[in-house]
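Visitor: Going by my numbering, the final residue of the sequence shown carries number 434, and the count climbs one at a time with no gaps.
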Amino acid sequence: MKRRLTLLSLVLATTISTARAVPGCEFDAVAAGSGRIGQWIDKDNWLAVENQRVSLQAADVFMPARRLRPAAGGEALRAAPRPLEIDRLETTDPLDGRKRDLGFLLDSRLNVDGVLVLHNGRILSERYRNGLRASEPRLLLRATRPLLALLGAMSIAQGKLTGDKSVTRFIPALNNQSGLRKLSVQRLLQGQERHAWSPEELAQWRQAGGWTSSQPTTGIRSWLSQPGRWDKPLVEQEVPPFPGSPDDDLLAWLLAESNTVPLARLFCEQLLIRSRHEQPVFWLTDEQGIELAEGLGMSLRDFGRLGQLLLDARVSRSRSRIPAWFVETLTASSGIRSPEVPGLPKGSEQRYGFMHLGGKPNRVAIIAPHGTSLYVDFDRRLVIAVYATYPRTGTPALLATLEQFWKVVDQAVSQPRQR
Numbered sequence: 016m017k018r019r020l021t022l023l024s025l026v027l028a029t030t031i032s033t034a035r036a037v038p039g040c041e042f043d044a045v046a047a048g049s050g051r052i053g054q055w056i057d058k059d060n061w062l063a064v065e066n067q068r069v070s071l072q073a074a075d076v077f078m079p080a081r082r083l084r085p086a087a088g089g090e091a092l093r094a095a096p097r098p099l100e101i102d103r104l105e106t107t108d109p110l111d112g113r114k115r116d117l118g119f120l121l122d123s124r125l126n127v128d129g130v131l132v133l134h135n136g137r138i139l140s141e142r143y144r145n146g147l148r149a150s151e152p153r154l155l156l157r158a159t160r161p162l163l164a165l166l167g168a169m170s171i172a173q174g175k176l177t178g179d180k181s182v183t184r185f186i187p188a189l190n191n192q193s194g195l196r197k198l199s200v201q202r203l204l205q206g207q208e209r210h211a212w213s214p215e216e217l218a219q220w221r222q223a224g225g226w227t228s229s230q231p232t233t234g235i236r237s238w239l240s241q242p243g244r245w246d247k248p249l250v251e252q253e254v255p256p257f258p259g260s261p262d263d264d265l266l267a268w269l270l271a272e273s274n275t276v277p278l279a280r281l282f283c284e285q286l287l288i289r290s291r292h293e294q295p296v297f298w299l300t301d302e303q304g305i306e307l308a309e310g311l312g313m314s315l316r317d318f319g320r321l322g323q324l325l326l327d328a329r330v331s332r333s334r335s336r337i338p339a340w341f342v343e344t345l346t347a348s349s350g351i352r353s354p355e356v357p358g359l360p361k362g363s364e365q366r367y368g369f370m371h372l373g374g375k376p377n378r379v380a381i382i383a384p385h386g387t388s389l390y391v392d393f394d395r396r397l398v399i400a401v402y403a404t405y406p407r408t409g410t411p412a413l414l415a416t417l418e419q420f421w422k423v424v425d426q427a428v429s430q431p432r433q434r
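1. Would you please state the rounded distance, in angstroms, between the beta carbons of F297 and P152? I believe it to be under 8 Å.
2. Just verifying my parser: in three-state terms, what is the DSSP assignment at D246?
3. Quick check on Q365: does DSSP put it in helix, strand or coil?
4. Hey, L417 and I381 are a contact pair by Cβ (cut 8 Å); roughly how many whole angstroms apart?
5. Which whole-angstrom value is the C-beta distance of A80 and L287, which I expect to be below 8 Å?
6. Does the count of Cβ pairs from the stretch 97-108 and the stretch 118-130 closer than 8 Å reach three?
7. Check the Cβ-Cβ distances between W238 and every residue of chain C, and say whether any is below 8 Å.
8. Where does the unbroken alpha helix (DSSP H) through L436 begin, and where does it stop?
9. At a cut of 8 Å, does the stretch 144-158 reach the stretch 309-323 through at least three beta carbon pairs?
10. Alpha carbon to alpha carbon, what distance is there between R68 and W55?
11. Which residue marks the beginning of the beta strand (DSSP E) containing D116, and which one marks its end?
12. Unbroken alpha helix (DSSP H) runs of length 4 or more, entirely within the stretch 200-237: which are they?
13. Helix, strand or coil, according to DSSP, for I186 in the structure here?
14. When you compare only the Cα positions, how much space is there between R6 and R196?
15. My assumption, with CB atoms under 8 Å, is that W212 sits in contact with S140. Please give the rounded CB distance.
16. What is the DSSP secondary structure of S290, counted as helix, strand or coil?
17. If you run the structure through DSSP and keep just helix, strand and coil, what is L23?
18. For P384, which residues from the same chain have a beta carbon less than 6 Å from its beta carbon, with the 5 sequence-adjacent residues on both sides left out?
19. So what's A168 in DSSP terms, helix, strand or just coil?
20. What three-state label does DSSP hand D102 in the structure shown?
21. If contact is defined by three or more beta carbon pairs under 8 Å, each pair taking one atom from either stretch, is the stretch 60-76 in contact with the stretch 43-50?
22. Report the option in R236, P277, D246 whose CA atom is closest to the CA atom of L265.
23. If you draw a straight line from the alpha carbon of A164 to that of L204, how long is it in whole angstroms?
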């Protein structure tokens, strides 16, 4: 009798869970592959920058994932009537001051693997290099963090979270963590501070998530829940805030717990299904099936669609789930005393993981460590998505070259072109 009741409970739970899923957001669990690509890339070095052009497009070889097929009835992005040949645009190299064409900057300075330029929602330019294909999703790593903050803002707007409440209010498993009781939801979303983690703790965190070890682990949430784990001070984030930390997986847990759905499904229901993705999407998990904060992977076109979704939210506020206050916070002018970000125009500052760009108004960007980025110009209705493997992380040279690239394309869009 007990066994029958248990089976009935499992069937009911599965039925309820399936019923709650929005059509088009049913992810399939995918086991990790062999953990090796060719002779030289394995679980120990797959995230090294020299291997990322190969490994980021095959992340599920190394880790388990949840995978989503393209949306039914999805519509491919349409080309603009007058395409823009960005490689031929002339510019000044910010490194040596010499005149170059933009193709040189993309290939030799930024190590760009893919570029997508959208204007008014249509493809103005698209190029792929170094084995990247339009049909393949690629792991975003740190570029996922601002999207988590966006989901948090949407959760506040929908009453699932309260900005001034402690994160422990929404994650019962962490009620015994005294170090988190004064950390508000708003503070965690803004991401301007993080806990002071030692190098050893950061290595353990990566291992707990399954990023760097083939050995069985108890999972990311078990590691985050260890007694005294959060008994450490908060320190100001680097600008730009490139390094990941356990605070990011705390945010991922907060989003899933407060919305009572897995993180991948939350992302799909709130953002992805509205952007009508063209290609498969995946989200890496730990061995327990918990989505990781840096685990989102999508094609370049679908990454660009998210920028278009943000842009459209400012124009069609009544039809968007993205709260107006979030967009206005990203675009509002900086104060006179805002700190400088070397390589970017004065007035640039980090907001909710996005970079508010100084200089020309109403521009924001997601900027990941090795040049992967998503640029949105609300005035020009311009979106530029980039996948790159720049050899160093967050240098002024990288930021200055990205800004020069955006500036040149922005100017070209504003000028009349011949058919």
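Even for Gly, the Cβ is constructed at its ideal location relative to N, Cα and C.
Guide: Judging by the given coordinates:
1. The C-beta distance from F297 to P152 rounds to 6 Å, short enough to meet the 8 Å contact threshold.
2. DSSP, reduced to helix, strand and coil, places D246 outside both helices and strands of the structure shown, so it counts as coil.
3. In the three-state scheme derived from DSSP, where H, G and I count as helix and E and B as strand, Q365 is classed as strand.
4. Actually they are not in contact, since the Cβ atoms of L417 and I381 sit about 11 Å apart, beyond 8 Å.
5. With a contact defined as Cβ atoms closer than 8 Å, A80 and L287 miss out at about 15 Å.
6. Yes: the two stretches touch, three or more of their Cβ pairs being nearer than 8 Å.
7. Absence of chain C from the displayed structure is noted, only one protein chain being present.
8. Summary: the structure shown does not reach residue 436, with the chain confined to residues 16 through 434, and so no result is reported for it.
9. Output reads yes: the stretch 309-323 touches the stretch 144-158.
10. The alpha-carbon of W55 is positioned some 14 Å away from that of R68.
11. That run of the beta strand (DSSP E) goes 114-116.
12. If we require 4 residues or more, the alpha helix (DSSP H) runs fully inside the stretch 200-237 come out as 200-205, 214-224.
13. Secondary structure at I186: coil, using DSSP grouped into helix, strand and coil.
14. Residue 6 falls outside the range modelled here, since the chain spans only 16 to 434, and no answer is possible.
15. Going by Cβ atoms, the distance from W212 to S140 rounds to 40 Å, so no, they are not a contact pair.
16. Collapsing the DSSP output to three states places S290 in a helix.
17. With a pLDDT of 39 at L23, under the threshold of 50, the predicted position of this residue should be treated as unreliable, though the coordinate-derived value follows. Helix at L23.
18. Result list for P384: R157, F257, T408, G409, in chain order.
19. Reduced to three states, the DSSP call for A168 is helix.
20. Three-state DSSP puts D102 in a helix.
21. They touch, by the three-pair rule.
22. Relative to the Cα of L265, the nearest Cα in the group R236, P277, D246 belongs to R236.
23. Each residue's Cα considered, the two are about 5 Å apart.
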